[in-house]
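Asker: Line order of the protein sequences matches chains D and W. For what it's worth, our numbering labels the leading residue of the first sequence as 1, then goes sequentially. For what it's worth, our numbering labels the leading residue of the second sequence as 1001, then goes sequentially. Structure below; questions to follow.
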Amino acid sequence: MNKKTGLRNAGTFLFFGGPSLFAFAAVVIVPFIVGLYLTFTDWDVRTTDHSFTGFSNYAETFRDKAFLTQLWFTIKYVFFTVLLSNAAAFFIALALSRGIRGEKWLRTGFFTPNLIGGIVLGYLWQTLFSQVLPFMGEKYGWSWFETSWLTDTDTAFWALVIATAWQLAGYLMIIYIAGFSSVPADVLEAARIDGAGGRAILRKITLPLSIPAIVICVFLSVSRSFLTYDINLALTKGGPFNSTELASYHIVQKAFLSNEYGIGQAEAVVLFAVVAIIALTQSFMLKRLEVES
Amino acid sequence: MPFKKSISLALSLVVLLSVLAGCSTGNKNAKESAAPEASSPSASSGSSPSASQPAKDVKLTFFNTSAEVNTVFEELFKTYRELHPNVTIELIPTPIGGAQLEKFQSLIASGNPATIANLDPGTILQYKDKFLDLESEKAKYEQLAKPGAVDGALLDGKFLGIPWTAQGYGLLYNKRVVEEAIGGSFDPASIQTRSDLAAVLEKVEAAGKAPVMIHGADWSLGAHYLGLTYSLQTGNVEENRKFVEDLKNGSVSLTDNPQFMGLIDTFDLLKKYNARKKDPLVADYNKDSADFAKGEAAFYFMGDWTWAVVGPLEGRDQEFGIVPVPISDNPSDFGNTHVAYSEPKLFAIDNSGSTPEQQEAAKAFIEWMVTSQEGQDAIVTQMGLALPYKDVKAQGSNVISDAVAGFVDQGHVINIGVINYFPQDYWAKTGASMQKYLVEKLDRAGLAKEVEDYWKSMAGK
Chain D
1 MNKKTGLRNA
11 GTFLFFGGPS
21 LFAFAAVVIV
31 PFIVGLYLTF
41 TDWDVRTTDH
51 SFTGFSNYAE
61 TFRDKAFLTQ
71 LWFTIKYVFF
81 TVLLSNAAAF
91 FIALALSRGI
101 RGEKWLRTGF
111 FTPNLIGGIV
121 LGYLWQTLFS
131 QVLPFMGEKY
141 GWSWFETSWL
151 TDTDTAFWAL
161 VIATAWQLAG
171 YLMIIYIAGF
181 SSVPADVLEA
191 ARIDGAGGRA
201 ILRKITLPLS
211 IPAIVICVFL
221 SVSRSFLTYD
231 INLALTKGGP
241 FNSTELASYH
251 IVQKAFLSNE
261 YGIGQAEAVV
271 LFAVVAIIAL
281 TQSFMLKRLE
291 VES
Chain W
1001 MPFKKSISLA
1011 LSLVVLLSVL
1021 AGCSTGNKNA
1031 KESAAPEASS
1041 PSASSGSSPS
1051 ASQPAKDVKL
1061 TFFNTSAEVN
1071 TVFEELFKTY
1081 RELHPNVTIE
1091 LIPTPIGGAQ
1101 LEKFQSLIAS
1111 GNPATIANLD
1121 PGTILQYKDK
1131 FLDLESEKAK
1141 YEQLAKPGAV
1151 DGALLDGKFL
1161 GIPWTAQGYG
1171 LLYNKRVVEE
1181 AIGGSFDPAS
1191 IQTRSDLAAV
1201 LEKVEAAGKA
1211 PVMIHGADWS
1221 LGAHYLGLTY
1231 SLQTGNVEEN
1241 RKFVEDLKNG
1251 SVSLTDNPQF
1261 MGLIDTFDLL
1271 KKYNARKKDP
1281 LVADYNKDSA
1291 DFAKGEAAFY
1301 FMGDWTWAVV
1311 GPLEGRDQEF
1321 GIVPVPISDN
1331 PSDFGNTHVA
1341 YSEPKLFAID
1351 NSGSTPEQQE
1361 AAKAFIEWMV
1371 TSQEGQDAIV
1381 TQMGLALPYK
1391 DVKAQGSNVI
1401 SDAVAGFVDQ
1411 GHVINIGVIN
1421 YFPQDYWAKT
1431 GASMQKYLVE
1441 KLDRAGLAKE
1451 VEDYWKSMAG
1461 K
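Here it is as structure tokens:
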């Protein structure tokens, strides 16, 4: 009897969950395990043959100075991208959740960059940074924009941060709006009756009650910006002189341009570990700030 | 509450796992995404018992790294299908300057290689076991092609790819701008030394025009400009290979090498007169080519392939030519009266996952492409490329490649075949060093050291 229900339950689960489980295993779990396995080999596409080499790829990874510099560069990039995109998203969401006219249109407008692929977006910003802004800079004498931002090591970094944050902000905005709308109206009303001004309500009520949304947004933006590849490729191509190669970009170059597949894959695993540690730590720490209304 | 802990935890987990997937793109994801279009050859090979019947439908795939002419190839495939209804050819396009090799590798790794691949000779050499040895076709192509064209395409002595285009590069000039500046007719043969070049550049600047355009991309600086160092050592590819081996084992030094020093001296000169001096690394290829063609710069370090941009341009100048990049003040030094010349792309036929019928059909198609009126029209007239074959019926409009042909006919060419034996990332790595030199983040000694270090890191590979 009991066994039968168990079987039926398993059958029901397989019926509903099976297809997505299969897809998830096929495109995420299996590739990850095979990828992990390949880091211990010297696999090469030219010979499609491999032998076991132990941890030598990982040893190479930590000897690859370029990778370590780029990893540090990526961490800086993630820090500023997360800060900028979340700050922008938070305030846009705040402005667009007060019922002003045309709010829905504005929300759609801010969300649109997310629907544009990273490559297209990268080329758009490239034109902006290396053609439009220098042109205007020259015309109106803005010394900041007289040369392209993409040809200088420092400004190219900020160009990358701005373009990514611009894309991310719209997505995070939606989550913040959902978070704000889940702040109970009675609490807000009570605060107002108690004489709290707009700023006090924001600081004392809205912000603490939106911590779950902030946790998710920070987590999403951290993990997404760590893995930025397409914008990097289209906007700077790692240039000038490889100074803006993010970790993912460096890994792809290592594997497919320099033909060091094992090392590239090992670097990808290291990147994964870094992302996992940082993302989990921050969401664990932020979650402790959560309060119940 | 929509944002309960459990939900956010589940969400976190999903995102984290998708992070895993992102990391392992290494080969698996690429394989998956490459599968749909590449599954066609295996589909047709599945139904191959009737191998002897020539009327059987054959489906070929064509991997193209000459991305700028994707559409011309597609038209050509349509024409071929009208003439040979049983042969279907499908294009596997790649983006210009994009992830071309990555795509090629994923096709090979997933066991679904393209039947025909239009690749750089260096790539063919790296994957030489995957391609069909065309020894049996060699004699025929030696008859069809211009003298030396087949020899130039040999890789480690083997005929693995069929040449279909020849390109030359050097200092292109805009005739109108140069002649207005010097106040008379300009003879390209008058540039034989660095001082000759300096004199002309000075006159152009005095006339208020930008003298020379340096395209700041890594491929132009690393592969084409700095790449001349290796090809200028001698006229013999084997000896140039030995020079690079010596660089790898550290027994030669670039700062003691007259060719390298001469090239960089000339580079300093070009840098001084660079039209893009203000912001040298913007490297917008279309804009640089168009500005040169419209007369905003007198000289342009580039090759005849830029006709693809220049040719269809409205309001451009009409006459262009090419002069060598002089590396010294002695006119008889190798390179001062020579332009770099190569067969940059070859058609290779897959031998790792294609059926014999597909290979035969591929051979027939390639031969048709380089010998038929339609094929030659496509290559010479529409793509604007030089076809290194004897009996070319089509008329091209590419005046730059005509100028290169002038040097070729006199035998005044630099054979840059040595680059075919280089690691695939050499241009990106040494190109980055050249970019640093261009914006003065590196001095000459620093440049030499970075380039030497790159080669040393390649020792034994």
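We treat Cβ as the ideally placed atom computed from N, Cα and C, and that holds for glycine. Keep in mind the model is a prediction, meaning the values are calculated, not measured.
Anyone know if the C-beta pair for Q1167(W) and V1404(W) falls short of 9 Å?
Answerer: At the C-beta level, Q1167(W) and V1404(W) come within 9 Å of one another.
Asker: From which residue to which residue does the alpha helix (DSSP H) around A1099(W) run?
Answerer: Taken as a continuous stretch (DSSP letters only), A1099(W) belongs to no alpha helix (DSSP H), as it is neither H nor E.
Asker: Would you please state the rounded distance, in angstroms, between the beta carbons of I1416(W) and H1338(W)? I believe it to be under 8 Å.
Answerer: Incorrect: roughly 11 Å between the Cβ atoms, too far for contact.
Asker: If we count the other Cβ atoms within 10 Å of its Cβ and call it buried at 16 or more, is G1446(W) buried or exposed?
Answerer: exposed
Asker: So that I know if they touch, is there some Cβ in chain D lying closer than 9 Å to that of L1101(W)?
Answerer: yes
Asker: Using DSSP's beta-bridge definition, name the partner residues of S1342(W).
Answerer: Q1167(W)
Asker: Check each candidate in S221(D), L150(D), L286(D), F40(D) and name the one with the smallest Cα separation from I211(D).
Answerer: L286(D)
Asker: Please list, in chain order, the chain W residues whose beta carbon lies closer than 7 Å to that of L128(D).
Answerer: Simply none; closest approach about 13 Å.
Asker: List the residues of chain W whose Cβ lies closer than 7 Å to the Cβ of R46(D), in chain order.
Answerer: Q1126, Y1127
Asker: Tell me the start and end of each unbroken alpha helix (DSSP H) in the segment 1291 to 1362 of chain W that is at least 4 residues and wholly inside, in chain order.
Answerer: 1307 to 1310
Asker: Does the count of Cβ pairs from the segment 1090 to 1110 of chain W and the segment 40 to 51 of chain D closer than 8 Å reach three?
Answerer: yes
Asker: Can you tell me whether A1210(W) is helix, strand or coil according to DSSP?
Answerer: strand
Asker: Between L1134(W) and the rest of its own chain, which residues show a CB-CB distance below 6 Å, the 5 nearest in sequence each way excluded?
Answerer: F1159
Asker: Give the list of continuous beta strand (DSSP E) stretches no shorter than 3 residues that lie fully inside the segment 1169 to 1230 of chain W.
Answerer: 1210 to 1213
Asker: Measure the CB-CB distance between L1172(W) and G1321(W) and report whether it falls below 9 Å.
Answerer: yes
Asker: With DSSP collapsed to three states, give me the class of D1265(W).
Answerer: helix
Asker: Measuring CB to CB, does L1346(W) end up less than 9 Å from D1120(W)?
Answerer: Taking a C-beta distance under 9 Å as the contact criterion, L1346(W) and D1120(W) qualify as a contact pair.
Asker: Looking at the structure shown, is D1238(W) part of a helix, part of a strand, or coil, going by DSSP?
Answerer: With the sequence shown as reference, residue 1238(W) is identified as Glu, and Asp is not the correct amino acid for it. E1238(W): helix per DSSP, three-state reduction.
Asker: I'd like the list of long-range same chain contacts for T1430(W), defined as Cβ closer than 7 Å, with 5 residues on each side in sequence excluded.
Answerer: G1222, L1226, V1451, Y1454
Asker: If you follow the alpha helix (DSSP H) that A1275(W) is in, where does it begin and where does it stop?
Answerer: No alpha helix (DSSP H) contains A1275(W), which DSSP labels as neither H nor E.
Asker: Output the distance between the C-alpha atoms of G1157(W) and N1070(W), rounded to the nearest integer angstrom.
Answerer: 30 Å
Asker: Assuming S148(D) contacts P134(D) under a Cβ cut-off of 8 Å, what Cβ separation, rounded to an integer in Å, is found between them?
Answerer: Indeed they touch by this definition, with Cβ atoms about 6 Å apart.
Asker: Using only alpha-carbon positions, find the residue among G195(D), G141(D), A87(D) that is nearest to Y176(D).
Answerer: A87(D)
Asker: Below 8 Å between beta carbons is the criterion; list the residues of the segment 252 to 272 of chain D that meet it against any residue of chain W, in chain order.
Answerer: Flagged, chain order: V252, Q253, A255, F256, L257, S258, N259, Y261, G264, Q265, A268, V269, L271, F272.
Asker: Short of 7 Å in beta carbon distance, which residues of its chain neighbour G197(D), apart from the five on each side in sequence? Order them along the chain.
Answerer: none
Asker: For K119(D), collect the residues of the same chain with a Cβ closer than 6 Å to its Cβ; drop the 5 residues on either side in sequence, then sort them by chain order.
Answerer: As written in the sequence, residue 119(D) is Ile, which differs from the Lys given in the question. For I119(D), where only same-chain residues beyond five positions count, the Cβ hits under 6 Å are D230, A234.
Asker: K1209(W): which of N1274(W), I1191(W), L1228(W), V1150(W) sits nearest, CA to CA?
Answerer: Minimum Cα distance to K1209(W) is reached at N1274(W).
Asker: Taking its Cβ as the centre, do 16 or more other Cβ atoms sit within 10 Å of K254(D), making it buried, or is it exposed?
Answerer: buried
Asker: Residues in the same chain with beta-carbon distance under 6 Å from E1343(W), minus the five sequence neighbours each way, listed in chain order, please.
Answerer: G1152, A1153, P1163, A1166
Asker: Is the shortest distance between the beta-carbon of T206(D) and the beta-carbons of chain W less than 9 Å?
Answerer: no
Asker: Chain W beta carbons: is any one of them nearer than 9 Å to that of N86(D)?
Answerer: no
Asker: Our contact map puts T1094(W) next to A1067(W) with C-beta atoms below 8 Å; I'd like the distance itself, whole angstroms only.
Answerer: 5 Å
Asker: Let me confirm a value: V275(D) is counted as buried when at least 16 other C-beta atoms fall within 10 Å, else exposed. Which label applies?
Answerer: That one is buried.
Asker: Any residues in the segment 1341 to 1370 of chain W with a beta carbon nearer than 7 Å to a beta carbon of chain D? Which ones, in chain order?
Answerer: none
Asker: Between which residues of its own chain and V1237(W) is the CB-CB distance below 7 Å, once the five residues before and five after are set aside?
Answerer: For V1237(W), where only same-chain residues beyond five positions count, the Cβ hits under 7 Å are N1415, G1417, V1418.
Asker: Taking all protein chains shown into account, decide if E1319(W) is buried (16 or more other Cβ within 10 angstroms of its Cβ) or exposed.
Answerer: exposed
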